[in-house]
Every structure is written in structure tokens, then in C-alpha cells.
Amino acid sequence: MKGLKRQSDLEQLSAWMDGELSGPDARRVARLVQTDPDWRSSHEEFQRLDAVLQQWSAPPPPQDLTARILRAVRSERLLGRALRIGAGAVAAAACIAVALVLIRGRPDTPARAPEPRAAVESQLAGALADIAPEDRFAVENLQMLRELPEVQAYREIRDVADAETLAILAELEARRKPQL
Amino acid sequence: MLAFQDGREEAFAELVRRNQSKVYAMLFRLIPDHAQVEDLSQEVFLRVFRTARRYRPMAKFSTWLYRIAANVALNAIRSQRKMKFSPLELPDSEDESSWHRDVPDTRLKPPHSDLDAEELQEKLAEAIASLPANQRLAIILNKYEHMSYEDISEVLDCSTMAVKSLLSRARCNLRDALVRYLGNEVLRKTANPPGSRAV
Chain A
1 MKGLKRQSDL
11 EQLSAWMDGE
21 LSGPDARRVA
31 RLVQTDPDWR
41 SSHEEFQRLD
51 AVLQQWSAPP
61 PPQDLTARIL
71 RAVRSERLLG
81 RALRIGAGAV
91 AAAACIAVAL
101 VLIRGRPDTP
111 ARAPEPRAAV
121 ESQLAGALAD
131 IAPEDRFAVE
141 NLQMLRELPE
151 VQAYREIRDV
161 ADAETLAILA
171 ELEARRKPQL
Chain B
1 MLAFQDGREE
11 AFAELVRRNQ
21 SKVYAMLFRL
31 IPDHAQVEDL
41 SQEVFLRVFR
51 TARRYRPMAK
61 FSTWLYRIAA
71 NVALNAIRSQ
81 RKMKFSPLEL
91 PDSEDESSWH
101 RDVPDTRLKP
111 PHSDLDAEEL
121 QEKLAEAIAS
131 LPANQRLAII
141 LNKYEHMSYE
151 DISEVLDCST
161 MAVKSLLSRA
171 RCNLRDALVR
181 YLGNEVLRKT
191 ANPPGSRAV
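Chains as they are written, first to last, in the numbering used here: chain A, 1 to 180; chain B, 1 to 199.
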């Protein structure tokens, strides 16, 4: 059967057809496509394939998609604002509590539990360490999650993450490479 | 985008209007399900909104946007994979250029030379959907969003060599998938005359 078999040749042909080769490499492929039957055959197959692929059309988005997106963004902004107000109230109450303790004297209490934010950061750091390359998209999602106002306002990560992100987090934690 | 970063919120609405069609089209080609793509499109722009302050003007906005869309889509594909088991590793093949899993689809009609446009759309969608996720993404970004290898490498966070490999493998898999179901006659009928190298 005619046509190229070696992956390296197919890559060169594909890149040449996409205009991604230049200089001697491009000239070499152009010459081979003209003179070599296997190169010519594969070139014609890929040309026919490209022509067929161009016939695949995507539908337009629904007419109300913009409105729907903007509604979702507005809801998110309102939620963020409410959380910041709530977090501010909590922070203010915490400051007052600390001030009262200092005024009245330190109570005899056992070591405090870690700050909620520290627990969240530790969880993220553990999941992000030694991530395999194929999981880099999940890392992007986790880093985006880290930036959410809700996380920065010291809420539990599990309160704000959706089911998919939680599943990715669980999978990454299970597959973490052992620490050296 | 810069106007939005400066706090001009109406700029975000304009940003959505200008980009929603291409985001929707890209997502639909990756996951041909209208209801799901509407949800995913919304998720893409929500993430743009949340992470707007991280955007740097040195980076092309379209590349940044497509990267977010790719993340959203790949997460959705990964979730779908978990729900309906589909093996990630492809079996060995005698022809090392073909990575296509040979599972006959009983819904498909037998090869037919008089393929109408609607049926061709279905066959194309199936063939693209049969590709591994990264190949699917690479071919869609190159063929339909007309992105260079360098831009695709930024979206996929890989080297341009890796993009080159992904695209050639995707082309081989699609060639094999479409030949198997459509036959060479249809490809010859629908092709442009051979000539210039790029389509």
C-alpha cells in the first residue's frame, strides 16, 4: 500500500502542509512530494482529508447565551461581595475577641487548631506537588481555585469547589508521587 | 480585556459578545452536546471573570481565552470518561501510524457512496470524537480556529514538537476512521483538486 509509514515523515509532511516548516526542511518535503510516490500519496490523502474536515460546521450559540453568561457573572459578583462583607464581619469579631483576651489576660487553653487558611493552603500544596505532566490542566484549575475570593476569605475549599474539581483533587492526592 | 481590568465593567459584556461564538464553536466541536456546551461556555467566561487580573497584555488574549476553554473542556471530557468507561490506552496496532481502536459501531449504516451532507457531518463529528483528547483539541485549534503550532503549544502547555506530533497522529487517525466508514470514493468526491499544500 502506498503512503508514508514512518511517524517522522508523516510529521514533516503534516507540518509542511500547515505552513510550519521553513528553509531546507520545507524545500526537502516539497521536492519529495513531487518526486516520491509514497510522499505524493500521503500528501493527496491528507489534502482530501483536510477538504472534508472543512465541511464540518459548528452551530451558532443560542441567542440568549450572552445574557445568561452576564447573569451568572452578576450573581457571582453579588456572592463575592456578600462573602467579603461576611468575612469582614468575622474578621472584625475575631479582632474584638483577641483584644478582649489581651485585655483580660491569656486564658489557659491548649494549642490552637491550625487557621482554616493554613489547612486549605496545605491541602493545595500537597495536591500540587509533583504533579505529572498529563495533569497540568488540573493544576491550572486548582490554581484558579486558589485565587477565588471565597478561598482567600478563609472558607473551606470543599465549600466552594464543584464536584469535578473535588474529584480531580482527590485523584491527584491519591496519585501523588511519594516524597523523596 | 484591558478596559475590563481597568474596572470598566461594560467592557466585559462586550468581551463576551465578541468571543462567545468562537468559544461555543470550539467547545461544540470537542463535545457535540448543545446543553452541555452552553453550560461549559458559561463556565469559560466565569473563569475569565474570576481570573481577569492574572491576564498579562504580553500574552495574546485569544490564546489565554482558548487555554481556559481547553481546561474547561478537558475537565468535562475527563468526567464523561469516568462515567462511561472508555480505556485510555489504545491497543497495539500493526500499523504504528494508526492509533484507532477498532470497535465496530452498530449504529452506523454500511459504507455508502451517496453520502449526504448531514450524514457527513455526523461521520466527521464521530471521527473527531474518537480521537484522544489532546489530539482532538490540537486538530480543532489548527483546522477550525486557524491557530499556529506556537499558539496551540501555549494553549496545551506543551512544546511545538509535541503539537507537530499530535497533529500528524490526529490526521492519520482521522484518515483511517473516515476511510473505514466512508470509503475512498466519497473522499475523492468531496475533495478539492490537489494543488496548493494548505487547505
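Every residue, glycine too, gets a C-beta built ideally from N, C-alpha and C.
As the structure is a computational prediction, the values presented were derived from the model and not from experiment.
task = Check B/Leu-131 in the structure and name its three-state DSSP category.
result = Residue state, collapsed to three classes: coil.
ask   = What residues in its chain sit with their C-beta under 8 angstroms from that of B/Arg-50, if we drop five residues either side in the sequence?
value = If we look at B/Arg-50 and ignore the five residues flanking it on each side, it has no Cβ neighbours.
task = Classify B/Cys-172 as helix, strand or coil using the three-state DSSP reduction.
result = Three-state DSSP puts B/Cys-172 in a helix.
key: Contact belief for B/Leu-131 with B/Asn-173 at Cβ below 8 angstroms, rounded distance in angstroms   = Going by Cβ atoms, the distance from B/Leu-131 to B/Asn-173 rounds to 6 angstroms, so yes, they are a contact pair.
task = Taking A/Ile-69 as the reference, give the member of B/Tyr-149, B/His-146 and B/Ala-13 with the closest Cα.
result = Per the Cα distances, B/Ala-13.
ask   = Would B/Ser-21 count as contacting chain A if we go by Cβ distances under 8 angstroms?
value = In terms of beta-carbon proximity, B/Ser-21 lines the interface with chain A, with at least one pair separated by less than 8 angstroms.
task = Would you kindly check if the distance between the Cβ of A/Glu-45 and the Cβ of B/Ser-168 is under 8 angstroms?
result = In terms of Cβ geometry, B/Ser-168 and A/Glu-45 do not form a close pair [threshold 8 angstroms].
message = Residues of chain A with CB closer than 9 angstroms to the CB of B/Phe-61, please, in chain order.
response = Result: empty, since nearest Cβ-Cβ is about 17 angstroms, beyond 9 angstroms.
task = Please state if the CB of B/Ile-139 and the CB of B/Ala-170 are separated by a distance shorter than 8 angstroms.
result = Yes, these two residues count as a Cβ contact at 8 angstroms.
8 angstroms Cβ cutoff, B/Leu-178 in contact with chain A = Residue contact check for B/Leu-178 against chain A: a CB pair falls below 8 angstroms.
inquiry  = What does the alpha-carbon distance come out to for the pair B/Glu-150 and B/Thr-160?
reply    = Note on geometry: alpha-carbon atoms of B/Glu-150 and B/Thr-160 lie some 6 angstroms from one another.
key: Assigned secondary structure, A/Gly-3 (DSSP; H/G/I helix, E/B strand, else coil)   = The answer is coil: DSSP assigns A/Gly-3 none of H, G, I, E or B.
task = Would you kindly report the start and end of the unbroken alpha helix (DSSP H) that includes B/His-34?
result = Going by DSSP, B/His-34 is part of the alpha helix (DSSP H) stretching over 34-50.
request  = Within its chain, find whatever has a CB closer than 6 angstroms to the CB of B/Lys-109; leave out the 5 residues flanking it on each side and keep chain order.
outcome  = Note that B/Lys-109 scores 47 on pLDDT, short of 50, meaning its location in the model is unreliable and no value can be drawn from it.
ask   = Any heavy atom of the ligand NAP closer than 7 angstroms to the Cβ of A/Leu-10?
value = This structure simply doesn't include the ligand NAP, nor any ligand for that matter.
query = Residues in its own chain within less than 7 angstroms of A/Lys-2 by CB, not counting five upstream and five downstream?
reply = The answer, listed in chain order, is Pro-37, Asp-38 and Ser-41.
query = In the structure shown, what three-state DSSP assignment does B/Met-161 receive?
reply = Note: B/Met-161 maps to helix in three-state DSSP.
key: Range of the contiguous alpha helix (DSSP H) that encloses A/Glu-45   = It spans 37-53 - the alpha helix (DSSP H) in which A/Glu-45 sits, taken as one unbroken run.
is_contact[B/Val-16, chain A] using C-beta, thresh 8 angstroms = With its beta carbon less than 8 angstroms from one in chain A, B/Val-16 belongs to the interface.
request  = Could you tell me whether any Cβ in chain A is nearer than 8 angstroms to the Cβ of B/Arg-136?
outcome  = It does not: the Cβ of B/Arg-136 has no partner Cβ on chain A nearer than 8 angstroms.
inquiry  = Using the three-state DSSP reduction, which class does A/Gln-12 fall into: helix, strand or coil?
reply    = In this structure, A/Gln-12 counts as helix in the three-state DSSP scheme.
query = If you measure from the beta carbon of B/Ser-168 to each beta carbon in chain A, is any gap under 8 angstroms?
reply = Output row for B/Ser-168: interface = yes.
query = With 16 as the cutoff for other CB atoms within 10 Å, does B/Gln-135 come out buried or exposed?
reply = By the neighbour-count criterion, in which a residue is buried when 16 or more other Cβ atoms sit within 10 angstroms of its Cβ, B/Gln-135 is buried.
task = Could you tell me whether the Cβ atoms of B/Glu-43 and B/Val-72 are closer together than 8 angstroms?
result = Yes, the pair counts as a contact, with Cβ atoms nearer than the cut-off.
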